[in-house]
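**Q** Here it is, the structure, as structure tokens.
Protein chains: 2
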Amino acid sequence: MGMQQETTCHSLIAGKSTPGVAGRVRSVDPSTDREEGPEFSFLSEGQLCAAVQAADEAFAEYRALDPARRAAFLEDAAQKVDAQGEEIISTAMRETGLPRQRLQGELARTVNQLRLFAGVAREGDHFGVRIDPALPERGPLPRPDLRQRKVPLGPAAVFGASNFPLAFSVAGGDTASALAAGCPVVFKAHNAHPATSQLVGLALSAAVAEADLPGGVFSLVYGRGNEIGQQLVKDARIKAVGFTGSRGGGTALMATAAARPQPIPVFAEMSSINPVVVLASAIASRTMRAVLAEGFIGSVNGSGGQLCTSPGLMFVPAGSDGDAFIETVADQVSMAEGATMLTPSISTARVRGESRVSSLPGVHEVGHGVEGASANAPAPSVYSAAATTFLQTPALAEEVFGAHSLLIRYADLEELEALVDHLEGQLTATLHLDPEDSGDLEMARSILPALELKVGRVLANGWPTGVDVGEAIVHGGPFPATADGRSTSVGTLAIDRFMRPVAYQNLPEGLQPEVVRDANPWGVPRRVDGEYDLGG
Amino acid sequence: MGMQQETTCHSLIAGKSTPGVAGRVRSVDPSTDREEGPEFSFLSEGQLCAAVQAADEAFAEYRALDPARRAAFLEDAAQKVDAQGEEIISTAMRETGLPRQRLQGELARTVNQLRLFAGVAREGDHFGVRIDPALPERGPLPRPDLRQRKVPLGPAAVFGASNFPLAFSVAGGDTASALAAGCPVVFKAHNAHPATSQLVGLALSAAVAEADLPGGVFSLVYGRGNEIGQQLVKDARIKAVGFTGSRGGGTALMATAAARPQPIPVFAEMSSINPVVVLASAIASRTMRAVLAEGFIGSVNGSGGQLCTSPGLMFVPAGSDGDAFIETVADQVSMAEGATMLTPSISTARVRGESRVSSLPGVHEVGHGVEGASANAPAPSVYSAAATTFLQTPALAEEVFGAHSLLIRYADLEELEALVDHLEGQLTATLHLDPEDSGDLEMARSILPALELKVGRVLANGWPTGVDVGEAIVHGGPFPATADGRSTSVGTLAIDRFMRPVAYQNLPEGLQPEVVRDANPWGVPRRVDGEYDLGG
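Chains as they are written, first to last, in the numbering used here: chain A, 1 to 536; chain B, 537 to 1072.
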């Protein structure tokens, strides 16, 4: 399963390494701007078609797996990815510029996520089984026997994100949840980390083979980003799309999916500036201001600011405590060093984004850090503006991807409410407050109802970067944070994206799907006649 | 609350009767083709805006209601609709041509549906609460306290269907589920039953007032179908759309919703021909054939064939039993009498649709019933064609709304599988088989996996018309049966359409929504640390 770094990376179609005939590209080390990664080959349209065909052919057998086998497959995939951990991490370091510790954490998250979804598949709650037993004596009409379960949608196209080469990439959340649901996955590798993708893809393909599943359960494909993406989403055999990336990329896929003869759901996680609301008592002392400013700049600059939940916007009270806090932020940012960004073009866009913001009337520089020593490592930056400026300048609400944030001063509750109302949909919103202070609590209670309608997650006294993967997390939010706020791309609820309900009426028991039979052979939790039956 | 039939029907904006300034129309009695219903007035764009504004303003208070109050409101609404039952039924008979018994059943269903959703609101399972308690000792990072609940999306636009003047109209399933979720409703009355809509709208408005809720929780609006519909769906304050109607109407709303600056979900139930698969042993005896043919024509002709689940397609085995069955169907249909259709234009489209089918090469007449005595009551009709004809003629898969069906002969399993593969998404598919016959069972097992992927509900040995409203029903299915097969428009699961998850991280208890607090004050079922806690 090893891979020489010099070897060309090819697509893995149904487990088979398939040299692409539509060109080759060499990947770039962003810390040096040198083409020194491996070459990788691009699939042609006809070759991509074969990957989708394999997924389509694998679907019937794969979705019929019992929970124990599906869970075992996912656990084996986790083990195989973990076993390649050292090579994966060193490869990802070279391809992405991200530091070892960050990638170690991301690998652990990715492996745990696969195991978490193995647990979901084994428990079977995601089948959503509901049984209304027949009531032959009911008037005026007897009630038929009705049994409901969810079925997977079909082959899913999943797109890797540049900024999480593991946790939102080949074996990331979308892949794990789609596979747990019973959907084969055609995974489009992000061209910023082709060799990392290859290593993880080989591990998944090996798990597919070892479980004796049809190869088409998983394919890894390389191609020119926009073209291959459009082609995948247009293919009638693809039934759902998972995407993490830019607003432009996500909305283009949404438009393509909506224009198909049979439209399909696109789960795109796109754009968020993650507002942080600082309430008065959270910055009432010098110590509090120092701790808050340090935490803030740490969150802004973590992973070079290249996290979907990076706090790009902070609402700070007017007045002397606010002034003093902003001075502390200026001190903190001046000590921050830029990190190598994921690709040269992302770094260029970051610099251009900052220029756009800084040239707007009413925007003031708070402070800058220093450029990193390597290539593509722009200095972190913080700016400020008045609430009225923010409300009148739509460009200030646009995401600048990278270590950059904007402080907006508000005079009172009324102005803060206007700022919250002005926000687009976000992944997160954060409150910093003194939980013992009645003024802070009252202000928080006043804005929470409006704030929660804009976001997928509300935090208090923490930082939005760092997403804990479990049952209760939501990594989602109204458009444009995602294509559709009704789901999450992180956590166990993500499996729901890939499933839909089917009802069975008066089917002879022998024709019923096993999971809805009276005997509950898979021991799944169910609702029977309106009451929970926890199975077990 | 009574209404003179001579009175003009006006929109009810936040409970207030509001004469529309964009014209008036008189409704038509379809059984006589005479304009003898009441006049009703159309809203202008500015007037519609006021209804949406009222819904938007009502949202914050309405969504914050505790479960007991929301349930009591829905139960009172049910009671108030029921109390007007006799006037509602007689009005609907005149406006729709549907018979008393059918409308009595529909009224009961509508009232029960409101009560069912009151129960859903009271139980609180739809909040989908999940709690991952903090694990401060967890390594490498502590787990924060994470609590998830679902929140309603916001004001919903709901469109009445012509064919269910009660159960898919003003107080129908979409209204009941949206209100139970906490979404205010702006209801667009179907112009085929304005006076019926008015009576039910008055009952709902009275319930809103009696519960001391903001008037904007419910508005009933009249307007020119396409124009007012587009306007509603374009309005930025509308956050979800429920629609039951034609494929053209539904896809137009889907396109508008997708093109908004902030796209929103459209739940459109549109087009289905509801295939019925007859397996060999189900027609092995004369008696079986007679019972099946009678049931079939009863289902085809019930409510004039104007049901979303009307069986417009039947797959019949080749061979002598199949021939004999078709003769029996011909006998049965010859005795069937046409019913007044809902509107003159629906009747015209029905006649035109049959002409289109009958003129296609390879299509044979099986039999016709007789025209009804009233206006707009075309004779029921059945045609047949070979499997190859069906596979090669896309027009044969299009819905002809009304009492009309098509029998397709298949030679063997292979041909039956090809027919199933050829189907578009459907609300239902039905199997007729002998549950003791191993040949039938084997054939059913062979086609079920493909069949269930095309539909929302699979039935055996029954008829798809007649939808039992409960927990386990699915009235949905892949496009074009609906806009998105991941939900249902009938049954308790429909509430999920109107909600999305939000996570709360480390919020002080006093800021947490009540439903996620440790004490579980509303007693809702929750998942805590990965285990069910049934509340109570």
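Yeah, the Cβ is synthetic: ideal placement off N, Cα and C, and Gly gets one too.
1) Measuring CB atoms only, is the stretch 941–956 of chain B touching the stretch 875–888 of chain B, in the sense that at least three cross pairs come out at less than 8 angstroms?
2) Mind listing the chain B neighbours of Leu-511(A)? Cutoff is C-beta to C-beta under 9 angstroms, in chain order.
3) So, helix, strand or coil for Pro-603(B), using DSSP?
4) Going along the chain, which unbroken runs of the beta strand (DSSP E) with 3 or more residues stay wholly within the stretch 922–983 of chain B?
5) Taking Gln-649(B) and Gly-709(B) to be in contact with their CB atoms under 8 angstroms, please state how far apart those CB atoms are, rounded to whole angstroms.
6) What are the start and end residues of each continuous beta strand (DSSP E) run of 3 or more residues lying completely inside the stretch 777–805 of chain B, in chain order?
7) So, is Val-21(A) buried or exposed, given that buried needs 16 or more other C-beta atoms within 10 angstroms?
8) Closest to Leu-202(A) by CA distance: which of Tyr-532(A), Val-300(A), Leu-12(A) is it?
9) For Ser-1109(B), write down the residues that DSSP places opposite it in a beta bridge.
10) Below 7 angstroms CB to CB, which residues in the same chain sit around Ile-625(B) once its five sequence neighbours on both sides are set aside?
11) Nearest-angstrom Cα distance between Val-802(B) and Gly-1012(B)?
12) Once DSSP output is grouped into helix, strand and coil, what is the label at Thr-1024(B)?
13) Flag Thr-488(A) as yes if its beta-carbon sits less than 8 angstroms from any beta-carbon of chain B, otherwise no.
14) Mind checking whether Thr-328(A) and Ala-290(A) have CB atoms under 8 angstroms apart?
15) Of the choices Arg-560(B), Met-806(B), Gln-589(B), whose alpha-carbon is the least far from that of Leu-579(B)?
16) My guess is that Leu-943(B) and Leu-932(B) are in contact by the Cβ rule of under 8 angstroms, so how many angstroms apart are they, rounded?
17) Out of Gln-198(A), Phe-401(A), Val-151(A), state which residue places its alpha-carbon closest to the alpha-carbon of Ala-986(B).
18) Which of helix, strand or coil does DSSP assign to Asn-520(A)?
19) For Gln-4(A), which residues of its own chain have a beta-carbon under 7 angstroms away from its beta-carbon, when the five flanking residues on both sides are left out?
20) Quick check: what's the CA-CA separation for Gly-319(A) versus Ala-596(B)?
21) Between the stretch 991–1009 of chain B and the stretch 614–631 of chain B, do three or more beta carbon pairs fall short of 8 angstroms?
22) When the Cα atoms are used, what is the spatial distance from Phe-315(A) to Gly-245(A)?
23) Please identify, using Cβ separations under 9 angstroms, the residues of the stretch 798–820 of chain B that lie next to chain A, in order along the chain.
24) Cβ-heavy atom distance between Ser-883(B) and the ligand ADP below 7 angstroms?
25) Between Ala-965(B), Glu-593(B), Gly-633(B), which has its C-alpha nearest Ile-809(B)'s C-alpha?
26) Counting only C-beta atoms, is Gly-950(B) closer than 8 angstroms to chain A at any point?
27) Just reading off the beta strand (DSSP E) that Ile-131(A) is part of, what are its end residues?
28) Please determine, among Thr-823(B), His-904(B), Ser-807(B), Leu-815(B), the residue with the shortest C-alpha to C-alpha distance to Leu-843(B).
29) Note down, in chain order, all residues in the stretch 475–487 of chain A with a beta-carbon under 9 angstroms from any beta-carbon belonging to chain B.
30) So Ser-733(B) is in the alpha helix (DSSP H); what residue range does that whole segment cover?
31) Could you check whether the Cβ of Arg-500(A) sits closer than 8 angstroms to any Cβ belonging to chain B?
32) Mind listing, in chain order, the continuous alpha helix (DSSP H) runs of no fewer than 4 residues lying wholly within the stretch 449–520 of chain A?
33) By how many angstroms is the C-alpha of Ala-156(A) removed from the C-alpha of Gln-798(B)?
34) Return the CA-CA distance between His-10(A) and Gly-223(A), expressed in angstroms with no decimal places.
35) How about Asp-468(A): is its C-beta nearer than 8 angstroms to some C-beta of chain B?
36) Which term fits Met-979(B), buried or exposed, when burial requires 16 or more other beta carbons within 10 angstroms of its beta carbon?
**A** So, to answer that:
1) no
2) Those are Leu-967, Leu-969, Pro-971, Leu-977, Ala-980, Arg-981, Leu-984, Val-994, Ala-996, listed as they occur along chain B.
3) helix
4) 940–946, 962–968
5) With 8 angstroms as the limit, Gln-649(B) and Gly-709(B) qualify as a contact, their Cβ atoms being about 6 angstroms apart.
6) Listed in chain order, the complete beta strand (DSSP E) runs (minimum 3 residues) inside the stretch 777–805 of chain B are 802–805.
7) Result: exposed.
8) Leu-202(A) has its Cα closest to that of Leu-12(A), out of Tyr-532(A), Val-300(A), Leu-12(A).
9) Chain B is shown only over 537 to 1072; residue 1109(B) falls outside these bounds and no answer can be derived.
10) Arg-636, Leu-639, Gln-640, Leu-643
11) 13 angstroms
12) coil
13) yes
14) yes
15) Comparing Cα positions, the closest option is Arg-560(B).
16) Contact doesn't hold; Cβ gap of about 11 angstroms is too wide.
17) Val-151(A)
18) coil
19) The pLDDT assigned to Gln-4(A) is 45, lower than 50, so where the model puts this residue is not dependable; a value taken from the coordinates is nonetheless given after this. Contacts found: none.
20) 31 angstroms
21) Three or more Cβ pairs closer than 8 angstroms define a contact, and the stretch 991–1009 of chain B falls short of that threshold against the stretch 614–631 of chain B.
22) Cα to Cα, Phe-315(A) sits roughly 26 angstroms from Gly-245(A).
23) Gln-798, Pro-799, Ile-800, Pro-801
24) Looking for the ligand ADP in the displayed structure turns up nothing, as the structure carries no ligands at all.
25) Per the Cα distances, Ala-965(B).
26) With the sequence shown as reference, residue 950(B) is identified as Glu, and Gly is not the correct amino acid for it. Glu-950(B) does not count as touching chain A.
27) Note, Ile-131(A): beta strand (DSSP E), 129–132.
28) Ser-807(B)
29) His-475, Gly-476, Gly-477, Pro-478, Phe-479, Pro-480, Ala-483, Asp-484, Gly-485, Arg-486, Ser-487
30) 730–746
31) Under the 8 angstroms criterion on CB atoms, Arg-500(A) is classed as interfacial with respect to chain B.
32) The DSSP assignment places no complete alpha helix (DSSP H) segment of no fewer than 4 residues inside the stretch 449–520 of chain A.
33) 24 angstroms
34) The straight-line gap from Cα to Cα measures roughly 10 angstroms.
35) yes
36) buried
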